[in-house]
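**Q**
In the working numbering, the protein residues as written are 20 to 397.
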């Protein structure tokens with residue numbers, strides 16, 4: 020019942036919108052922590068809340084607790100104080116009770132209070148216990164427009180950030196203060212503070228558009244502590260990776276990290292985009308695969324040919340050595356090769372692609388518990 024109240028397909032502008040309205044009314048000081056346009060914030064919070072409630076209903080607590088602790092540490096960058104978690108809990112409780120209506124039974128109330136108290140307690144406790152910086156700052160040193168709506172941005176942080184390959188961070192760019200966006204580093208953590216992001220413009224997305232079209236060397240970015248738990252267990256068998264567009268970034272970071280080891284499980288990466296010209300990182304993948312026989316890469320494009328504007332950008336095609344490029348929708352191509360039920364499966368990309376790929380793999384026989392995705396990025 021609680022999870023249905025925040026279904027991400029229907030509630031981004033209703034239930035979650037009502038929650039923020041209630042929260043800002045209870046505690047007006049919170050409003051200044053958020054951007055004027057709350058559309059993206061509502062959508063992200065809806066997906067995260069829906070996943071959390073689903074995990075609680077299934078009586079799985081380990082991953083939600085770890086996620087909430089990361090979120091609490093991350094929220095220090097906003098200046099969040101313990102009293103803000105109290106007002107958040109009151110607002111969320113009032114919103115859920117209003118939405119559930121006549122179905123609000125003592126059992127539902129008990130579940131709601133338990134979930135809300137756990138969320139606030141874990142987040143505030145983790146924030147209070149964290150001794151590291153509330154945020155990191157870095158300088159853009161390189162901006163490469165690799166396609167019409169794709170850019171690779173490299174920075175050096177003022178102090179190195181310790182993150183695991185496959186995690187993501189919340190980023191603020193100077194063009195849009197207070198509009199934080201989640202981005203995944205495309206390389207493992209570097210001792211010199213080097214970090215790289217792959218960004219694609221989102222329709223109507225002001226921050227992603229600014230990053231792709233307006234970012235210049237010298238820009239100063241701010242970013243939060245890392246989130247997420249995508250990972251490969253080197254002792255748990257072979258691996259399937261499915262990357263849609265810039266969803267490649269976290270998976271590439273994991274692959275690069277695996278290169279440190281002499282022996283690895285086999286990894287088969289399907290890298291998909293709309294057009295062949297948007298498979299922007301094939302040369303890097305070719306270089307890695309050419310010296311690491313455990314890695315296989317299959318490029319996939321939705322369309323067989325490139326649009327006229329492709330000639331304005333670098334040709335991404337590598338020398339011979341990768342699998343022959345396939346044509347079609349990424350989830351369909353992946354499942355043509357089989358059910359992949361014996362693999363560790365990692366999926367990264369846009370929410371719609373991740374949902375379709377997950378459903379297609381499960382329909383083919385892949386165990387749901389073997390499939391990893393980030394609750395926000397995927």
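Ideal placement from N, C-alpha and C gives every residue a C-beta, glycine not left out. A quick note: this is a predicted structure, and the numbers were derived from the prediction, not measured.
Are residue 337 and residue 296 close, meaning C-beta to C-beta below 9 Å?
**A** Locating residue 337 in the chain shown gives position 318, where the first residue counts as 1. Locating residue 296 in the chain shown gives position 277, where the first residue counts as 1. No, Cβ-Cβ distance for residue 337 and residue 296 is not below 9 Å.
**Q** How far does the beta strand (DSSP E) with residue 133 in it reach, from first residue to last?
**A** Taking the chain shown and counting its residues from 1, one reaches residue 133 at position 114. Taken as a continuous stretch (DSSP letters only), residue 133 belongs to no beta strand (DSSP E), being part of the alpha helix (DSSP H) at 125 to 148.
**Q** Using only the alpha-carbon positions, how far apart do residue 74 and residue 34 sit?
**A** If you number the chain shown from 1, residue 74 lands on position 55. If you number the chain shown from 1, residue 34 lands on position 15. Rounded to the nearest angstrom, the two C-alpha atoms are 19 Å apart.
**Q** Decide yes or no for the touch test of the stretch 380 to 394 against the stretch 356 to 363: beta carbon pairs closer than 8 Å, at least 3 of them.
**A** Yes, since at least three Cβ pairs between the stretch 380 to 394 and the stretch 356 to 363 fall closer than 8 Å, the two stretches touch.
**Q** Using only alpha-carbon positions, find the residue among 370, 347, 70, 208 that is nearest to residue 274.
**A** Mapped onto the chain shown, residue 274 falls at position 255. Of the candidates 370, 347, 70, 208, the one whose C-alpha sits nearest the C-alpha of residue 274 is 208.
**Q** Straight-line CA distance for residue 321 to residue 294?
**A** In the chain shown, counting from the first residue as 1, residue 321 sits at position 302. In the chain shown, counting from the first residue as 1, residue 294 sits at position 275. Each residue's alpha carbon lies about 6 Å from the other.
**Q** Alpha carbons only, please: which of 257, 50, 42, 45 is nearest the one belonging to residue 198?
**A** The residue you call residue 198 lines up with position 179 of the chain shown. That would be 50, whose Cα lies nearest to the Cα of residue 198.
**Q** Would you report the Cα separation of residue 187 and residue 216, rounded to the nearest angstrom?
**A** Here residue 187 is taken as the residue at index 168 of the chain shown, counted from 1. Here residue 216 is taken as the residue at index 197 of the chain shown, counted from 1. Computed Cα separation, rounded: 10 Å.
**Q** Could you pull the start and end residues of the beta strand (DSSP E) that residue 289 belongs to?
**A** Working through the chain shown from its first residue, we reach residue 289 at position 270. Its beta strand (DSSP E) spans residues 286 to 292.
**Q** Decide if residue 397 is buried, meaning its Cβ has at least 16 other Cβ atoms within 10 Å, or exposed.
**A** Looking up residue 397 in the chain shown gives position 378. Because residue 397 carries a pLDDT of 42, less than 50, the predicted location of this residue cannot be relied on, and the following value inherits that uncertainty. Looking at its Cβ environment, which holds 16 or more other Cβ atoms inside 10 Å, residue 397 is buried.
**Q** The beta strand (DSSP E) spanning residue 363 covers which residue range?
**A** Taking the first residue of the chain shown as 1, we reach residue 363 at position 344. Looking at the DSSP string, the run of the beta strand (DSSP E) that includes residue 363 is 363 to 367.
**Q** Return the first residue and the last residue of the beta strand (DSSP E) that residue 52 is part of.
**A** Position 33 of the chain shown holds residue 52. Counting along the chain, residue 52 falls outside any beta strand (DSSP E), and DSSP gives it neither H nor E.
**Q** CA-CA distance, residue 120 and residue 47?
**A** Against the chain shown, residue 120 aligns to sequence position 101. Against the chain shown, residue 47 aligns to sequence position 28. Near 26 Å, if we compare the C-alpha coordinates of residue 47 and residue 120.
**Q** My guess is that residue 212 and residue 176 are in contact by the Cβ rule of under 8 Å, so how many angstroms apart are they, rounded?
**A** As a working mapping, residue 212 is identified with position 193 in the chain shown. As a working mapping, residue 176 is identified with position 157 in the chain shown. So it is a contact: roughly 4 Å between Cβ atoms.
**Q** How many angstroms separate the CA atom of residue 36 from the CA atom of residue 375?
**A** Residue mapping note: residue 36 aligns to position 17 of the chain shown, counting from 1. Residue mapping note: residue 375 aligns to position 356 of the chain shown, counting from 1. Cα to Cα, the separation comes out at about 27 Å.
**Q** Apart from the five residues just before and just after residue 299, which ones in its own chain have a Cβ nearer than 7 Å to its Cβ?
**A** To locate residue 299, count along the chain shown from 1; it is residue 280. 165, 166, 169, 335.
**Q** Please go through the same chain and pick out, in chain order, the residues whose beta-carbon is closer than 8 Å to the beta-carbon of residue 290, but skip the five residues on each side of it.
**A** In the chain shown, the residue the question calls residue 290 occupies position 271. Hits under 8 Å: 262, 267, 298, 300, 301, 304, 316, 317, 318, 319.
**Q** Whose CA, out of 138, 163, 192, 378, lies closest to the CA of residue 227?
**A** Within the chain shown, the letter at position 208 stands for residue 227. Among 138, 163, 192, 378, the Cα nearest to that of residue 227 belongs to 192.
**Q** For residue 363, which residues from the same chain have a beta carbon less than 8 Å from its beta carbon, with the 5 sequence-adjacent residues on both sides left out?
**A** What you label residue 363 is simply residue 344 of the chain shown in a count that begins at 1. The residues are 251, 252, 255, 256, 257, 258, 259, 284, 389, 391.
**Q** Is it a yes or a no for the stretch 235 to 242 touching the stretch 336 to 355, going by three-plus beta-carbon pairs under 8 Å?
**A** The stretch 235 to 242 vs the stretch 336 to 355: no contact.
**Q** Tell me residue 230's beta-bridge partners as DSSP assigns them.
**A** For the purposes of this step, residue 230 is taken as the residue at position 211 of the chain shown. None, per the DSSP bridge assignment.
**Q** For the stretch 140 to 157 against the stretch 55 to 67, are there 3 or more C-beta pairs whose distance is under 8 Å?
**A** At 8 Å Cβ cutoff, the stretches do not touch.
**Q** Residue range of the beta strand (DSSP E) that residue 164 falls in?
**A** Within the chain shown, residue 164 is the residue found at index 145, counting from 1. Here the beta strand (DSSP E) through residue 164 covers 155 to 166.
**Q** Kindly list the residues whose CB is nearer than 6 Å to the CB of residue 114, restricted to its own chain and excluding five residues on each side of it in sequence; keep chain order.
**A** In the chain shown, residue 114 corresponds to position 95, counting from 1. Correct list, in chain order: 37, 38, 41.
**Q** In the DSSP assignment, the beta strand (DSSP E) including residue 216 goes from what residue to what residue?
**A** Here the question's residue 216 lines up with position 197 in the chain shown. Here the beta strand (DSSP E) through residue 216 covers 213 to 219.
**Q** So, for residue 203: in the same chain, excluding its five sequence neighbours on each side, which residues have a beta-carbon less than 6 Å away from its beta-carbon?
**A** Here residue 203 is taken as the residue at index 184 of the chain shown, counted from 1. Excluding residues within five positions, the ones whose Cβ falls inside 6 Å are 187, 268, 269.
**Q** Could you name the residues of the same chain whose beta carbon sits closer than 6 Å to that of residue 379, not counting the 5 residues immediately before and after it, in chain order?
**A** Walking along the chain shown from the start, residue 379 turns up at place 360. Answer for residue 379: 350, 354, listed in chain order.
**Q** How would you write the range of the beta strand (DSSP E) that residue 383 sits in, first residue to last?
**A** For this step, residue 383 is matched to residue 364 along the chain shown. It is not in any beta strand (DSSP E) - residue 383 carries neither H nor E in the DSSP assignment.
**Q** Using a threshold of 9 Å, state whether the C-beta atoms of residue 139 and residue 108 are closer than that.
**A** Walking along the chain shown from the start, residue 139 turns up at place 120. Walking along the chain shown from the start, residue 108 turns up at place 89. Yes, these two residues count as a Cβ contact at 9 Å.
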